[in-house]
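J.: Please find one structure pasted underneath; my questions will follow.
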């Protein structure tokens, strides 16, 4: 993902938003500021979801925008206007999302994006692809966990996702281990994990 970085003034710690933590900007006076969403939009090269786009969404699809969009829980986007262009022209597209299965259950924070994804799939009536990256989680996971544990997590997470009520005729859920070479690929990732651990120990 391309980011547009800006240097912080002396004595100021920039806000930091990443997959693991969120912290507001700390000013020279030590005061922690609220998250600046306009800065996030600029940093990640997205666009704000404004009233004009929401009005177009409703006009094109015939559906009132999801409450996450109306309440600005989801506040920015990339290329949503292009999706609406394709929908207006009856041109094909599909929705893609994923989940990195790191445990055998998903909490509410994991489920929120899938709630919106299901709604979009229902509104547009297009195929949905859900990728379960059990291989990735094995490679970056705890050293004492085996491949089959992450495959188990993927199967259990798939059940949680299915429980939201996705249309089975339009939804394809797959795990990387199940669809990328079987035992041969499992062995490749086992070797890769050892090599990655060795490289990490050597250089860090």
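Numbering (the numbering used here), first residue to last: -5 to 198.
Where is the CB? At the ideal position from N, CA and C, for every residue including glycine.
As the structure is a computational prediction, the values presented were derived from the model and not from experiment.
Start and end of the alpha helix (DSSP H) containing residue 102?
T.: Within the chain shown, residue 102 is the residue found at index 108, counting from 1. Where residue 102 is concerned, the enclosing alpha helix (DSSP H) stretches over 102 to 118.
J.: Which residue wins for smallest C-alpha separation from residue 60, given the options 87, 37, 155 and 107?
T.: Counted from its first residue, the chain shown places residue 60 at position 66. For residue 60, the nearest C-alpha among the options comes from 107.
J.: Rounded to whole angstroms, what is the Cα-Cα separation between residue 149 and residue 93?
T.: Here residue 149 refers to the residue found at position 155 when the chain shown is read from its first residue. Here residue 93 refers to the residue found at position 99 when the chain shown is read from its first residue. One C-alpha to the other measures close to 11 Å.
J.: Report the three-state DSSP secondary structure of residue 176 (helix, strand or coil).
T.: Position 182 of the chain shown, counted from the start, is the residue given in the question as residue 176. Note: residue 176 maps to helix in three-state DSSP.
J.: Can you find the residues in the same chain that come closer than 7 Å, C-beta to C-beta, to residue 184, ignoring five residues on each side of it along the sequence?
T.: As a first step, residue 184 is located in the chain shown; it is residue number 190 there, counting from the start. Closer than 7 Å at Cβ, skipping near neighbours: 141.
J.: Count Cβ pairs between the stretch 109 to 125 and the stretch 156 to 169 that sit closer than 8 Å; are there 3 or more?
T.: Contact between the stretch 109 to 125 and the stretch 156 to 169 is present, because at least three Cβ pairs lie under 8 Å.
J.: Entirely within the stretch 121 to 184 and at least 3 residues each: give me those beta strand (DSSP E) ranges in chain order.
T.: Fully enclosed beta strand (DSSP E) runs of 3 or longer: 122 to 126 and 165 to 169.
J.: Compare the C-alpha of residue 137 against each of 53, 16, 52 and 189 and name the closest.
T.: On the chain shown, position 143 is the one that residue 137 refers to. It is 189.
J.: Give the secondary structure of residue 66 by DSSP, where H, G and I count as helix, E and B as strand, and everything else as coil.
T.: As a position in the chain shown, residue 66 is number 72, starting the count at 1. DSSP places residue 66 in coil when its eight states are reduced to three.
J.: Between residue 57 and the rest of its own chain, which residues show a CB-CB distance below 7 Å, the 5 nearest in sequence each way excluded?
T.: Taking the first residue of the chain shown as 1, we reach residue 57 at position 63. Cβ neighbours of residue 57 beyond the five flanking positions: 117.
J.: Check this for me: beta carbons of residue 95 and residue 41, under 8 Å apart or not?
T.: In the chain shown, the residue the question calls residue 95 occupies position 101. In the chain shown, the residue the question calls residue 41 occupies position 47. Against a cut-off of 8 Å, the Cβ pair of residue 41 and residue 95 comes out as no contact.
J.: Could you check whether residue 122 and residue 89 sit closer than 8 Å to each other, using their CB atoms as the reference points?
T.: The residue labelled residue 89 in the question sits at position 95 within the chain shown. The residue labelled residue 122 in the question sits at position 128 within the chain shown. Cβ distance < 8 Å, so residue 89 and residue 122 count as in contact.
J.: What residue from 69, 86, 158 and 66 has the CA that sits closest to residue 111's CA?
T.: For the purposes of this step, residue 111 is taken as residue 117 along the chain shown, with counting starting at 1. It is 158.
J.: Compare the C-alpha of residue 98 against each of 66, 15, 124 and 146 and name the closest.
T.: What you label residue 98 is simply residue 104 of the chain shown in a count that begins at 1. With distances taken between Cα atoms, residue 98 lies closest to 146.
J.: Measure the alpha-carbon distance for residue 28 versus residue 10 and round it to whole angstroms.
T.: Taking the first residue of the chain shown as position 1, residue 28 is located at position 34. Taking the first residue of the chain shown as position 1, residue 10 is located at position 16. Their backbone Cα atoms lie some 11 Å apart in a straight line.
J.: Give me the DSSP bridge partner(s) of residue 20.
T.: For the purposes of this step, residue 20 is taken as the residue at position 26 of the chain shown. 7 and 26.
J.: Quick one, which of 144, 23, 102 and 85 has its alpha-carbon nearest residue 119's?
T.: As a first step, residue 119 must be located in the chain shown, where it is residue number 125. When only C-alpha atoms are compared, the closest one is 85.
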